[in-house]
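So the working numbering is basically just the index in the sequence shown, starting at one, shifted up by 158.
From the three backbone atoms N, C-alpha and C, an ideal C-beta is built for every residue, glycine too.
The structure appears right after this line, and notes come after that.
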Amino acid sequence: MLRVSSGCRYRRRRFLLLFRPSTEDVALTSYPIGVSGVAWGAPERAQWLAAQRKLRSYADDVVTRIERLSARFDVEEYGQLHYPPDQYRLLAVSTREPRDDRPWVLVTGGVHGYETSGVHGALQFLEQRAANYAQEINLLAVPCVSPWAYERIHRWNANAVDPNRSFRTGSPVAESAALLQRIAPLHGRFLLHVDLHETTDSDESEFGPALAARDGKPFERGVIPDGFYLVDDSENPQPDFQRAIIDAVSRVTHIAAADVNNEIIGSPLMAPGVIEYPLRELGLCAGITGARYTTTTEVYPDSPRATPEQCNAAQVAAVCAAIDFALRSGS
159 MLRVSSGCRY
169 RRRRFLLLFR
179 PSTEDVALTS
189 YPIGVSGVAW
199 GAPERAQWLA
209 AQRKLRSYAD
219 DVVTRIERLS
229 ARFDVEEYGQ
239 LHYPPDQYRL
249 LAVSTREPRD
259 DRPWVLVTGG
269 VHGYETSGVH
279 GALQFLEQRA
289 ANYAQEINLL
299 AVPCVSPWAY
309 ERIHRWNANA
319 VDPNRSFRTG
329 SPVAESAALL
339 QRIAPLHGRF
349 LLHVDLHETT
359 DSDESEFGPA
369 LAARDGKPFE
379 RGVIPDGFYL
389 VDDSENPQPD
399 FQRAIIDAVS
409 RVTHIAAADV
419 NNEIIGSPLM
429 APGVIEYPLR
439 ELGLCAGITG
449 ARYTTTTEVY
459 PDSPRATPEQ
469 CNAAQVAAVC
479 AAIDFALRSG
489 S
């Protein structure tokens, strides 16, 4: 996850956060596309798109695993992405016979396609642990919201737009709009939403500079936290819920510590491994359901202290701990 914004003041309703990087940490980006300080137009976006390459297969890595789940779940195509010459099926997995007396749980991954354990953690949960909750919840899972970006190990979609700032009514972003449309019939029925993400070194080396270049703003260098952390909703904070997830994940991998300013990615630490954002205000995926319990997980896959297997396991542990807490606490 990148910091909330570049070169701006960000006002929360609960407190005012002024992120003031030192002058040596602020510079006009030298990103190879565009002119420093000038926002991209259509030519720069086209140049950026032409530079993107497929690096892995959504069909092989994700679709085949989802389709194998059809023996136990409903597997549906809830939309399509058209980025010529490519076309992608957007797939969801859900409880085959949902019951009105059971709460709905939403698990999403791959909103940022490059965040691998978000996708594979969601799949691993479905394959290995979801059956444990079959008699207690109605489940809807979307393991890979952004398949074009998954294949290119990128944060943005093909239009150089971040889907995770685009979950708003009438969104022009196809990935975001399709998911919003899919959950609309279940509005008000979700107890829980867990959105699976990563924070990676490439946030500082590639995606932060690209964002600054695209928007014609200075690039502010930040500190990538080493370890797992969560993003709570500042408009609906649930500290006990977040703490339960941190406790469970700490048995799988290490929890990120705050920096010298007692912050993680520029936001004050609210509890060990927990920061807050106003999810709906920022158009973030974790804010789409209105559920009582919501969280965004952040795994650090580049840590020398964590393996890919641990990263996936941490995501699974987070989902299970979230469901367990929500079921104990109810609506």
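{"Asked": "Out of curiosity, what's the CA-to-CA distance linking serine 324 and tyrosine 272?", "Found": "17 Å"}
{"Asked": "Looking only at C-alpha atoms, which of Asp361, Pro459, Pro256, Trp314 sits nearest to arginine 230?", "Found": "Pro256"}
{"Asked": "So is histidine 240 buried or exposed if we call it buried at 16+ other beta carbons inside 10 Å?", "Found": "exposed"}
{"Asked": "Taking contact to mean 3 or more Cβ pairs, one atom from each stretch, closer than 8 Å, check whether the region 459 to 477 and the region 406 to 415 are in contact.", "Found": "yes"}
{"Asked": "Just grab the DSSP bridge partners of tryptophan 198 for me.", "Found": "Per DSSP, none; premise fails for tryptophan 198."}
{"Asked": "Taking the beta carbon of arginine 463 as the centre, do at least 16 other beta carbons fall within 10 Å, making it buried, or is it exposed?", "Found": "exposed"}
{"Asked": "Given arginine 211, which residues of its chain have a CB within under 7 Å of its CB, disregarding the five upstream and five downstream residues?", "Found": "Arg310"}
{"Asked": "For the region 197 to 214 and the region 299 to 314, state whether three or more C-beta atom pairs, one from each stretch, are separated by less than 8 Å.", "Found": "yes"}
{"Asked": "Excluding the 5 residues flanking glutamate 116 on each side, which residues of the same chain have their C-beta closer than 6 Å to its C-beta?", "Found": "Because residue 116 is not part of the residues shown, which for the chain are 159 to 489, the question remains open."}
{"Asked": "Can you grab the Cα-Cα spacing for the pair histidine 351 / tyrosine 451, in whole Å?", "Found": "6 Å"}
{"Asked": "Taking the alpha carbon of glutamate 234 as the point to measure from, which residue in Ala332, Ile481, Leu440, Val300 has its own alpha carbon closest?", "Found": "Val300"}
{"Asked": "Need the endpoints of the beta strand (DSSP E) that arginine 574 sits in, please.", "Found": "There is simply no residue 574 to check, as the chain begins at 159 and stops at 489 in what is shown."}
{"Asked": "Measuring only the C-alpha atoms, how far is phenylalanine 377 from serine 461?", "Found": "23 Å"}
{"Asked": "Below 8 Å, can you find three or more Cβ-Cβ pairs linking the region 475 to 489 to the region 284 to 297?", "Found": "yes"}
{"Asked": "For threonine 465, count the other beta carbons within 10 Å of its own beta carbon; 16 or more makes it buried, fewer makes it exposed. Which is it?", "Found": "exposed"}
{"Asked": "Which runs of the beta strand (DSSP E) fall wholly inside the region 248 to 299 and span at least 3 residues, in chain order?", "Found": "262 to 267"}
{"Asked": "What residue range is occupied by the uninterrupted alpha helix (DSSP H) comprising phenylalanine 399?", "Found": "397 to 407"}
{"Asked": "Note down the Cα distance separating glycine 279 from leucine 354, rounded to an integer number of angstroms.", "Found": "8 Å"}
{"Asked": "Terminal residues of the continuous beta strand (DSSP E) containing valine 122?", "Found": "What is shown of the chain runs 159 to 489, which leaves residue 122 out entirely."}
{"Asked": "Taking CB distances under 8 Å as the criterion, tell me whether alanine 464 reaches chain D.", "Found": "The structure shown contains no chain D; it is built from a single protein chain."}
{"Asked": "Quick check on the burial criterion: 16 or more other C-beta atoms within 10 angstroms. Buried or exposed for serine 360?", "Found": "buried"}
{"Asked": "Going by the CB atoms, is the gap between threonine 454 and leucine 440 shorter than 8 Å?", "Found": "no"}
{"Asked": "Would you say valine 269 and serine 304 are within 8 Å of each other, going by their C-beta atoms?", "Found": "yes"}
{"Asked": "Following the continuous beta strand (DSSP E) through aspartate 373, name the residue where it begins and the one where it ends.", "Found": "That residue, aspartate 373, is in no beta strand (DSSP E); its alpha helix (DSSP H) goes 366 to 373."}
{"Asked": "Checking the sheet assignment: what are the DSSP bridge partners for histidine 355?", "Found": "Glu456"}
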